[in-house]
Amino acid sequence: MRFDVFTLFPDYFAGPLSTSILKRAREANLIQVELHDMRDVTDDKWRVADDAPFGGGAGMVLKAEVVAKSLENVLNFDVGVSAPPCPIVYLTPQGRTLNQNLVEELASHSHLALLCGHYEGIDERVIDAIEPIEVSMGDFVLTGGEGAAAILIEAVSRFVPGVLGNENSASGDSFATGLLEAPHYTRPSVWRNRAIPETLLSGHHANIEDWRLEQALTRTLDRRPDLLPAWSERELSKRQRKVWERVQRQADQKSEAPEKTDIGEFEDEPGFNSLG
Ligand code: ADE
Numbered sequence: 140m141r142f143d144v145f146t147l148f149p150d151y152f153a154g155p156l157s158t159s160i161l162k163r164a165r166e167a168n169l170i171q172v173e174l175h176d177m178r179d180v181t182d183d184k185w186r187v188a189d190d191a192p193f194g195g196g197a198g199m200v201l202k203a204e205v206v207a208k209s210l211e212n213v214l215n216f217d218v219g220v221s222a223p224p225c226p227i228v229y230l231t232p233q234g235r236t237l238n239q240n241l242v243e244e245l246a247s248h249s250h251l252a253l254l255c256g257h258y259e260g261i262d263e264r265v266i267d268a269i270e271p272i273e274v275s276m277g278d279f280v281l282t283g284g285e286g287a288a289a290i291l292i293e294a295v296s297r298f299v300p301g302v303l304g305n306e307n308s309a310s311g312d313s314f315a316t317g318l319l320e321a322p323h324y325t326r327p328s329v330w331r332n333r334a335i336p337e338t339l340l341s342g343h344h345a346n347i348e349d350w351r352l353e354q355a356l357t358r359t360l361d362r363r364p365d366l367l368p369a370w371s372e373r374e375l376s377k378r379q380r381k382v383w384e385r386v387q388r389q390a391d392q393k394s395e396a397p398e399k400t401d402i403g404e405f406e407d408e409p410g411f412n413s414l415g
């Protein structure tokens with residue numbers, strides 16, 4: 140998988156690309172990340188890539204020609220005339236919010252160009268001409284697209300065969316199953332008086348699987364109920380359906396139980412006098 144990154148700050152990527160999984164993936168040549176400094180196409184002494192916005196206002200705007208020339212030089216096509224050799228992803232808060240489905244969709248390509256904006260953004264005319272896939276990391280504003288591009292490279296690379304030690308790892312991730320993940324524990328089995336759930340020590344694989352599913356469902360119901368309709372419409376095994384029904388029953392019981400107040404907690408204890 141090849142990523143061509145177009146940026147004004149190539150140094151930004153030094154840390155993320157030379158750490159952990161991305162470092163190993165690059166060393167094994169499973170992914171190639173080429174950084175292109177868009178200032179390289181400027182022809183003035185100061186390598187100016189931006190200018191003030193027409194109509195006034197704060198901030199600076201990345202020049203259309205700088206972006207177009209950078210893309211054309213590396214990708215060998217004519218912006219607005221011929222098609223680029225790979226999808227161009229523009230990182231912008233105005234894009235489609237990145238999620239695991241979009242990551243997988245992007246990972247189905249063997250080559251992606253990532254365009255990082257900076258300052259107030261990029262001259263809209265070049266965006267209109269290249270028609271990129273616009274992708275956002277969420278409803279917040281970063282200083283530039285570099286952080287977003289680093290995240291995207293990491294998320295997409297996890298789907299490249301061989302990048303994760305265990306080929307199954309990406310498929311068991313949160314969101315890949317359509318649910319949040321069950322909690323994980325490791326040795327010691329008791330830590331500062333906190334024991335791990337007993338089922339995990341039982342060695343009974345089917346029960347452990349059911350327990351994990353129950354935890355995943357309970358968490359998802361609690362934190363991301365929006366994910367559940369899609370999951371429950373899948374073809375479920377008998378066991379999965381049973382666990383799902385149990386989790387729903389527990390949730391119903393919880394919502395029917397009266398809220399405990401501070402007083403309520405102690406009301407039944409001997410010596411408690413509600414009049415003080
Ligand atoms: N550039 C600035 N903010 C961004 C965001 N939220 N997502 C992607 N790129 C950005």
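The sequence shown maps to residues 140 to 415 in the numbering used here. For glycine and all other residues, C-beta sits at the position ideal for the given N, C-alpha and C.
Check your understanding: Considering only the beta carbon of each residue, do residue 200 and residue 241 sit closer than 8 angstroms?
Key -> Here residue 200 refers to the residue found at position 61 when the sequence shown is read from its first residue. Here residue 241 refers to the residue found at position 102 when the sequence shown is read from its first residue. For residue 200 and residue 241, no; Cβs fall outside 8 angstroms.
Check your understanding: Does the Cβ of residue 287 lie closer than 7 angstroms to at least one heavy atom of the ligand ADE?
Key -> In the sequence shown, residue 287 corresponds to position 148, counting from 1. True, at least one ligand heavy atom lies under 7 angstroms from that Cβ.
Check your understanding: Within the present structure, is the beta-carbon of residue 254 separated from the nearest heavy atom of the ligand MN by less than 7 angstroms?
Key -> This structure lacks the ligand MN; the ligands present are the ligand ADE.
Review point. Where residue 397 and residue 342 are concerned, what is the direct C-alpha to C-alpha distance, given to the nearest angstrom?
Key: As a working note, residue 397 is residue 258 in the sequence shown. As a working note, residue 342 is residue 203 in the sequence shown. One C-alpha to the other measures close to 37 angstroms.
Practice item. Reducing DSSP to helix, strand and coil, say where residue 364 ends up. Key: On the sequence shown, residue 364 is found 225 positions in, with the first residue counted as 1. Helix.
Practice item. Kindly give me the distance between the Cβ atoms of residue 156 and residue 163, rounded to whole angstroms, as I take these residues to be in contact under 8 angstroms. Key: For the purposes of this step, residue 156 is taken as the residue at position 17 of the sequence shown. For the purposes of this step, residue 163 is taken as the residue at position 24 of the sequence shown. With a Cβ gap of about 11 angstroms, residue 156 and residue 163 do not count as contacting.
Practice item. Leaving out five residues on either side along the sequence, give the residues of the same chain with a beta carbon under 6 angstroms from the beta carbon of residue 305. Key: As a position in the sequence shown, residue 305 is number 166, starting the count at 1. Excluding residues within five positions, none has a Cβ falling inside 6 angstroms.
Exercise for review: Report the partner residues of residue 229 according to the DSSP bridge assignment.
Suggested key: As a working note, residue 229 is residue 90 in the sequence shown. Answer is 254, 273, bridged to residue 229.
Review point. Can you list, in chain order, the residues of its chain whose CB lies under 7 angstroms from that of residue 414, leaving out five sequence neighbours each side?
Key: The residue you call residue 414 lines up with position 275 of the sequence shown. Low local confidence applies: a pLDDT of 42 at residue 414 is under 50, so the model's placement there is unreliable, and no value is given.
Point to revise | Opposing strand residues paired with residue 330 [DSSP bridges] | key: Position 191 of the sequence shown, counting from 1, holds the residue named residue 330. Paired residues: 333.
Point to revise | Minimum C-alpha distance to residue 223 - residue among 253, 197, 239 | key: Indexing the sequence shown from 1 puts residue 223 at position 84. Residue 223 has its Cα closest to that of 253, out of 253, 197, 239.
Review point. The ligand ADE heavy atoms versus the CB of residue 230: any closer than 7 angstroms?
Key: Taking the first residue of the sequence shown as position 1, residue 230 is located at position 91. Yes, the ligand ADE has a heavy atom inside 7 angstroms of this Cβ.
Point to revise | Distance cut-off 7 angstroms: residue 277 Cβ against heavy atoms of the ligand ADE | key: Within the sequence shown, numbered from 1, the residue matching residue 277 stands at position 138. Under cutoff, so the answer is yes.
Review point. Can you list, in chain order, the residues of its chain whose CB lies under 7 angstroms from that of residue 367, leaving out five sequence neighbours each side?
Key: Looking up residue 367 in the sequence shown gives position 228. For residue 367, where only same-chain residues beyond five positions count, the Cβ hits under 7 angstroms are 359, 360.
Review point. Cα separation between residue 320 and residue 348?
Key: Sequence index remark: in the sequence shown, residue 320 carries index 181 (1-based). Sequence index remark: in the sequence shown, residue 348 carries index 209 (1-based). Straight-line Cα distance between these residues: approximately 12 angstroms.
Practice item. Please report the Cβ distance between residue 338 and residue 277, rounded to the nearest whole angstrom; I am assuming they are in contact, meaning their Cβ atoms lie under 8 angstroms. Key: Indexing the sequence shown from 1 puts residue 338 at position 199. Indexing the sequence shown from 1 puts residue 277 at position 138. Not quite, the Cβ-Cβ distance comes to about 35 angstroms (not below 8 angstroms), so this is no contact.
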